[in-house]
Each structure stands twice: as structure tokens, then as C-alpha cells.
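For reference, the structure is listed below as C-alpha cells.
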Amino acid sequence: MASTPNQTDLRFANEEVSQLLDKIPQGVVTRVVLKSPVYKGDILSALQHCNIAHFSCHGIVDPLNPSNSSLLLSDWETNPLTGIHLTGAFQMAGFPQTIGTLWQVDDERSGVVSQVVWDTMLNPDGTVHFDKAAEGLHHAVRALRDQTRRIEGMEKKFPDQPMVWAPFIHMGI
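Using the working numbering, the letters of the sequence shown map in sequence onto residues 16 to 188.
Okay, structure coming up:
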């Protein structure tokens, strides 16, 4: 969801979704693509009919009251989609594996992480190996960490920036 009321636009959200849809052949999984505006009811309804959910949108974490953490949908100010921790909440809702973040991340970098995870999970015939989600996240985070240690045109490696790569987590089996 590239545009969310009272939030800055996510410049790379639509590109992330387009690239993902291009990777997965038609017929391999049932696709439900929700375009803005997207409301809490839309998400809850769509989640009943899918085994994969990919969100490219804003979210907030409330460290003082984690149950107030939420995805920022079109109606987030009046009808928030909340959970103690959104990654864990989706796992409790029935998704055996979930990938999320512990804090706010850069829109472009989250898209890159997403692409590496999906590249790892997808076979050439388009079938999805869900058991490779954690491996894909591992590769993505390692690559992101290595990128933060380099400056273009310089051979020297610099100290990494864990605030950039450390928030990505995998939960599940």
C-alpha cells in the first residue's frame, strides 16, 4: 500500500509488489491483490482464503503497549488492525511461518529483502518451497549487512550498521 492517510508515501511499495507478482507464475498460488484504499475488513476477509500473505505497507510498533502495534491501512486511525507483535499475530492466525521486522525499516531495503527471500523460495517451475523462507531471510540479511559495510569506490570495509539489517525476523518452523 503505497499511500496511507497521514503517513509518508512508500515509494517502492508498488514496485515490490509488481516484482513479486512477476516472479510467481499464474496458477501456482491464488492471488488476491488489494489496491489502495485497503481497509481492515478487506484484509481479514482475504486472509481467510490464502496460505501466503505479503504486506507492503506501513506498520507501527508501540514499545510501551505492544498490543497497540498495528498495520497502517486506510482506516488505521479509526479501526486499526492490531496485534501484540504483528509477525507473531499472523503466526497465531494460522500462518506457520512469518517474516517481519522489530522496528521501522527503509521502504527500499525491505523490498530488496523481500525479493531475496522470494528468489530463495521459488523453484524455476514456479513452485514455492516454504521451508526455505528462513534461509532466504538469512541470505537477504547477510547481503544487506555486507552492503552497509561498503562505500562505493573504496576497498576498505567499515563497521556494519545493525539498525539497518537487524530488525528482520523469521518466526515459525
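Beta carbons: idealized from backbone N, C-alpha and C, even for Gly.
Ranking I67, A68, L62, H73 by CA distance to the CA of M16 puts H73 first. Taking the C-beta atoms as reference points, F173 is found no nearer than 8 Å to I114. For L87, the enclosing beta strand (DSSP E) begins and ends at 85-87.
Per DSSP, T116 is one residue of the beta strand (DSSP E) stretching across 112-116.
Apart from the 5 residues on each side of it in sequence, R165 sits with its Cβ closer than 7 Å to the Cβ of K172 in its chain, given in chain order. The three-state secondary structure of I58, taken from DSSP, is helix. One thing to note: L25 has its Cβ within 8 Å of the Cβ of D122. The beta carbon of L49 sits closer than 6 Å to the beta carbons of D57 from its chain, once the five residues preceding and following it are set aside; these are given in chain order. In the three-state reduction of the DSSP assignment, Q41 falls in the strand class, which pools E and B. Within a 10 Å sphere around the beta-carbon of S85 sit 16 or more other beta-carbons, which makes this residue buried. Check the Cα spacing between T97 and each of S18, Q112, N80: the tightest is with N80.
In the DSSP assignment, G103 falls outside any beta strand (DSSP E) and within the unbroken alpha helix (DSSP H) covering 101-107. As DSSP reads the structure, T97 sits in a beta bridge with S85. Counting only runs of 4+ residues, the alpha helix (DSSP H) found wholly inside the stretch 141-169 occupies 148-163, in chain order.
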